[in-house]
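Chains as they are written, first to last, in the working numbering: chain U, 85 to 415; chain L, 74 to 225. In this text, a Cβ means the ideal position worked out from N, Cα and C, and glycines have one as well.
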């Protein structure tokens, strides 16, 4: 690990200025990803600016929803009574992620910015366009079980690892950002980028921009989060689905759906939503929605057998999760 | 840099701490508290579990500077005049093989029972999911957690 400087400014504005001033500076939130990366040699900052004590740790009521301070831990967010009652898809996603120890440190601002767990990205000896642009992609044709089936490019097939971000992508979520030139707000679904030919850039945030809070609106409808993984706890998703379905008299008035484990971004399932909206909440409709969403999915061959299995897995998990959001007919 | 923190109820400080050090390193190598173990160093195994302001965290993933001014409890802080009931239950049930994971399991178990005095087996498994035993001695560990819950 290269020596670096550590700074703990008093205000968010000072932190933003400090990072914006130095191209090799980085914000430090809960540290559960960055501290690991320092040790692995993936991150090599010259200056770490600790923002854990200066971003809000409050969850406040706003019109029709909540403003979640960037410093709120995943554990505190999942335990908040308003989140449990009105945003159960978010609470379930949070509790399905990581372990208790990590949720106690990981923050609302930091979690969506965590980096892929692609093993080739995490191994400095492997070619990786995300870590070293232009060096190639060792994942392509490698072990691809955890890699993308939607939106990948010839330069990067990594997936986004967060569960929380999948729920936030399904909900009506706005990201509040402070930058060197002032504040701005970004729809959560516009935060993350597909890899294209610049996979080194995970998000639309510019250097020095800091997430200060995340606003989430309460949706109408029933929530479900379903995560399929290699073991029952403490594993990243092969496929996950966040869904909120507003069904009245058997008709889908609104659908909010996102997939995890399948793409470089938390994947908002716009096609599935469009297929469902205005139609009947039936098993056939759910299957058609899943079919539409996965129509462009492409498997990644790999020496581990590849990830073609994830396409039917995603389709079935999506169908099953939609079923879970729909009250059973009572005979 | 210098860090000042409270460890097991006592105000402590460490000088010449390197910015890249973890809280775990500072506890073990600078403050003479080797109970928290250094195993995976990437937050997977839970052997380094300590309480930071009362909440269990992986000390290996906490940068030393992040602990400035905060309260830390390590496994050395569990016992009072006698062993904590969780420690006693692990002894009674022989929930130890090589012992390297044990401090982390003790910390996670005590936290679980403080929150939920009578957890179900699935709740115990979920609460201990962030602690790995490479000897795979989980059955005795589960026995010990149930015993600790009953004895508290």
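Handout entry: Own chain residues within Cβ distance below 7 Å of residue 288(U), not counting five before or after
Key = 270, 274, 275 and 277
Handout entry: Residue from 103(U), 191(U) and 355(U) with nearest C-alpha to residue 249(U)
Key = 191(U)
Handout entry: Classification of residue 105(U) by the beta-carbon crowding that lies within 10 angstroms, buried from 16 upward
Key = exposed
Practice task
Throw me the rounded Cβ distance for the residue 92(L) and residue 74(L) pair, which I believe falls under 8 Å.
Solution key: 7 Å
Handout entry: Strand pairing of residue 263(U), partner residues [DSSP]
Key = 266(U)
Problem - CA-to-CA distance, residue 272(U) to residue 240(U), given in whole angstroms - result: 22 Å
Problem - Three-state secondary structure (DSSP) of residue 302(U) - result: coil
Exercise for the section: Spatial neighbours of residue 81(L) within its chain, please: CB distance less than 7 Å, with the 5 preceding and 5 following residues excluded, ordered by chain position. Expected result: 146, 147, 149 and 150
Handout entry: residue 221(U) in three-state terms, based on DSSP
Key = strand
Handout entry: Exposure of residue 387(U), with buried meaning 16 or more beta-carbon neighbours within 10 Å
Key = exposed
Exercise for the section: Can you say whether residue 204(L) is buried or exposed, counting buried as having 16 or more other CB atoms within 10 angstroms of its CB? Expected result: buried
Exercise for the section: With a cut-off of 8 Å on the beta carbons, I'd call residue 137(L) and residue 94(L) a contact; round off their distance for me. Expected result: 4 Å
Practice task
Determine the closest residue to residue 214(U) out of 225(U), 200(U) and 226(U), with distance taken between C-alpha atoms.
Solution key: 200(U)
Handout entry: Pairwise C-alpha distance: residue 134(L) and residue 116(U)
Key = 5 Å
Exercise for the section: Measure from the C-beta of residue 410(U) to each C-beta in chain L and report whether the shortest distance is under 8 Å. Expected result: no
Exercise for the section: Under 8 Å by Cβ, that's how I've got residue 110(L) and residue 177(L) pegged, so tell me the actual separation to the nearest angstrom. Expected result: 7 Å
Exercise for the section: Could you have a look at residue 150(L) and say whether DSSP puts it in helix, strand or coil? Expected result: helix
Exercise for the section: Check whether the segment 222-240 of chain U touches the segment 332-342 of chain U, counting contact only when three or more Cβ pairs, one atom from each stretch, lie closer than 8 Å. Expected result: no
Practice task
Leaving out five residues on either side along the sequence, give the residues of the same chain with a beta carbon under 6 Å from the beta carbon of residue 131(L).
Solution key: 116 and 121
Exercise for the section: Could you tell me whether any Cβ in chain L is nearer than 8 Å to the Cβ of residue 167(U)? Expected result: no
Problem - Residue from 179(U), 87(U), 349(U) and 185(U) with nearest C-alpha to residue 122(U) - result: 87(U)
Handout entry: 8 Å Cβ cutoff, residue 89(U) in contact with chain L
Key = yes
Handout entry: Simplified DSSP state of residue 131(L), which is helix, strand or coil
Key = strand
Practice task
For chain L, find out if any of its Cβ atoms is closer than 8 Å to the Cβ of residue 247(U); answer yes or no.
Solution key: no
Problem - Best match in 174(L), 129(L) and 126(L) for proximity to residue 112(L) [C-alpha to C-alpha] - result: 174(L)
Problem - Candidates 131(U), 92(U) and 347(U): closest to residue 280(U) by CA position - result: 347(U)
Problem - Residue(s) in a DSSP beta bridge with residue 324(U) - result: 311(U) and 344(U)
Practice task
For residue 415(U), decide whether its Cβ has a neighbour in chain L, counting only Cβ atoms nearer than 8 Å.
Solution key: For residue 415(U), the predicted model reports a pLDDT of 43, less than 50, meaning its position is unreliable and no value from the coordinates is stated.
Practice task
Would you identify the three-state DSSP class for residue 120(L), choosing helix, strand or coil?
Solution key: coil
Exercise for the section: Taking the CB atoms as reference points, tell me whether residue 140(U) and residue 196(U) lie closer together than 8 Å. Expected result: no
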